[in-house]
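Residue numbers (my numbering): 1 to 315. Report on the following structure.
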Ligand code: BYC
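Written out as structure tokens, the structure is:
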């Protein structure tokens with residue numbers, strides 16, 4: 001078949017909402033942008049375990065500790081589904097991990113901020129997972145089949161994460177004056193970085209146009225960010241707390257909440273590796289990889305032995 005015909009079939013599938021599967025023909029750039037986005041997403045889940053892992057040993061009760069361990073384990077699982085989805089496009093897990101460990105690959109800016117108090121666990125759940133869900137619900141309908149299917153399960157778990165975060169903040173918001181202050185402080189610190197999670201403004205988003213055409217993305221960065229602001233403004237009222245933005249106000253014309261200017265210099269500094277915890281995060285991942293070397297070697301040796309036994313039996 002001519003390349004032109006293959007392109008036509010591909011475009012028709014996109015048009016008719018038929019998922020693209022790993023064995024289907026696809027343009028190189030479609031493959032490349034999916035590998036880029038899915039692997040960045042996987043890395044975000046894996047690095048995202050670190051800020052919360054920091055609090056497992058200091059959770060204030062057994063119940064909170066169990067919940068937090070379960071959440072962090074879910075994130076490891078999300079990373080693994082996503083690495084598997086990316087592998088279906090012909091990239092290897094070793095290559096993706098090498099790119100993360102060397103600092104070549106990107107992961108979400110949000111995980112380069114420190115978790116300073118217990119209230120940060122609530123704020124991460126409510127705001128960070130809340131932002132992630134809006135983006136991920138959209139990705140359940142992304143055009144690449146293996147990515148879309150991975151997102152369905154991830155979203156179910158993510159919505160539990162968000163609710164547990166909100167509930168945890170709700171308890172603090174009804175607590176002592178110190179607990180209330182801790183809750184407000186966590187919201188103040190996580191609000192702006194959460195808005196940055198959605199990526200640059202549409203006008204500066206280099207990948208959006210093509211990704212929207214290919215239905216990899218169904219909503220733009222600014223559309224999702226606005227949806228998140230509208231949602232958070234209502235939810236923060238239930239906590240009796242405030243969002244740290246004096247420019248936040250309802251716009252009668254658009255029926256949306258206007259909000260202040262994001263500090264884009266800060267966003268790009270974090271994306272380029274110069275955020276508060278970028279160095280620490282990469283060091284922690286490299287250390288874990290090094291310490292896990294014997295497990296990988298043992299698993300490979302075991303697999304080889306099993307294979308040898310099967311070969312002997314067959315012979
Ligand atoms: N941080 O053209 P754009 C979780 C980069 S984890 C860093 O708009 P795109 C959780 C972007 O990569 C969930 N970099 O890009 C886990 C691009 O650079 P490259 C994380 C960012 O791809 C543990 C450049 O800026 N979610 O839920 O069209 C605990 C221009 O941007 C960021 C996902 O990964 C950023 N925030 O749109 C708790 C969702 N934003 O690659 C929770 C999947 C942008 O050209 N990803 N950049 O060198 C996506 O949906 C899209 O990739 C984005 C960006 C909306 C993030």
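Quick reminder that beta carbons are idealized off the backbone N, C-alpha and C, glycines included.
Under a three-way DSSP split, which group does residue 20 fall into?
strand
Would you report the Cα separation of residue 55 and residue 283, rounded to the nearest angstrom?
18 Å
Give the straight-line distance between the Cα atoms of residue 317 and residue 272, rounded to the nearest whole angstrom.
Nothing about residue 317 can be read from this structure; the chain reaches only from 1 to 315.
In chain order, what residues of the same chain have a beta carbon less than 7 Å from the beta carbon of residue 199, not counting five sequence neighbours either side?
205 and 221
How about residue 194: is its Cβ closer than 7 Å to a heavy atom in the ligand BYC?
no
Can you tell which of 307, 305 and 289 has its C-alpha closest to the C-alpha of residue 99?
289
Do the region 212–228 and the region 123–143 make contact, defined as three or more Cβ pairs closer than 8 Å?
yes
Short check: CB of residue 186 to CB of residue 146, under 8 Å?
no
Mind checking which residues open and close the beta strand (DSSP E) that includes residue 251?
249–251
Among 236, 253 and 252, nearest to residue 245 - alpha-carbon criterion:
236
Assuming contact is defined by CB atoms lying nearer than 8 Å, are residue 45 and residue 68 in contact in what I supplied?
no
For residue 217, is the beta carbon positioned less than 7 Å from some heavy atom of the ligand BYC?
yes
Ends of the beta strand (DSSP E) at residue 257?
256–258
Which same chain residues, not among the five before or five after residue 38, have their C-beta less than 6 Å away from its C-beta?
82, 85, 86 and 147
Would you mind sorting residue 193 into buried or exposed? The rule is 16 or more other CB atoms within 10 Å of its CB.
buried
Any idea if residue 189 is buried or exposed, counting beta-carbon neighbours within 10 angstroms, 16 or more meaning buried?
buried
Excluding sequence positions up to five away, which residues of its chain have a Cβ less than 7 Å from the Cβ of residue 30?
214
For the 8 Å Cβ check, are there 3 or more pairs between the region 258–277 and the region 108–123?
yes
Here's the rule: buried if 16 or more other CB atoms are within 10 angstroms of the residue's CB, otherwise exposed. What is residue 1?
exposed
Own chain partners of residue 176 with C-beta closer than 8 Å, once the 5 adjacent residues on each side are dropped:
none
Is it the case that the CB of residue 91 approaches a heavy atom of the ligand BYC more closely than 7 Å?
no
Since residue 38 is in the alpha helix (DSSP H), which residue starts that stretch and which ends it?
28–47
Starting from residue 80 and walking both ways along the alpha helix (DSSP H), at which residues does that stretch end?
62–87
Taking Cβ positions, are residue 33 and residue 211 nearer each other than 8 Å?
yes
Comparing alpha-carbon positions, which option in 60, 195 and 156 lies nearest residue 243?
195
Can you round the beta-carbon distance between residue 121 and residue 168 to whole angstroms, since I take them to be within the 8 Å contact cut?
6 Å
Identify, in the order they occur along the chain, each residue of the same chain with its Cβ nearer than 8 Å to the Cβ of residue 293, setting aside the five sequence neighbours on each side.
none
Which whole-angstrom value is the C-beta distance of residue 104 and residue 40, which I expect to be below 8 Å?
Not a contact, Cβ separation roughly 11 Å.
Residue 179 versus residue 164 - alpha carbon distance
17 Å
Three-state secondary structure (DSSP) of residue 107
coil
If you draw a straight line from the alpha carbon of residue 88 to that of residue 4, how long is it in whole angstroms?
24 Å
What are the partner residues of residue 144, as DSSP defines its beta bridges?
20
Would a C-beta distance cut-off of 8 Å place residue 224 and residue 138 closer than the cut-off?
yes
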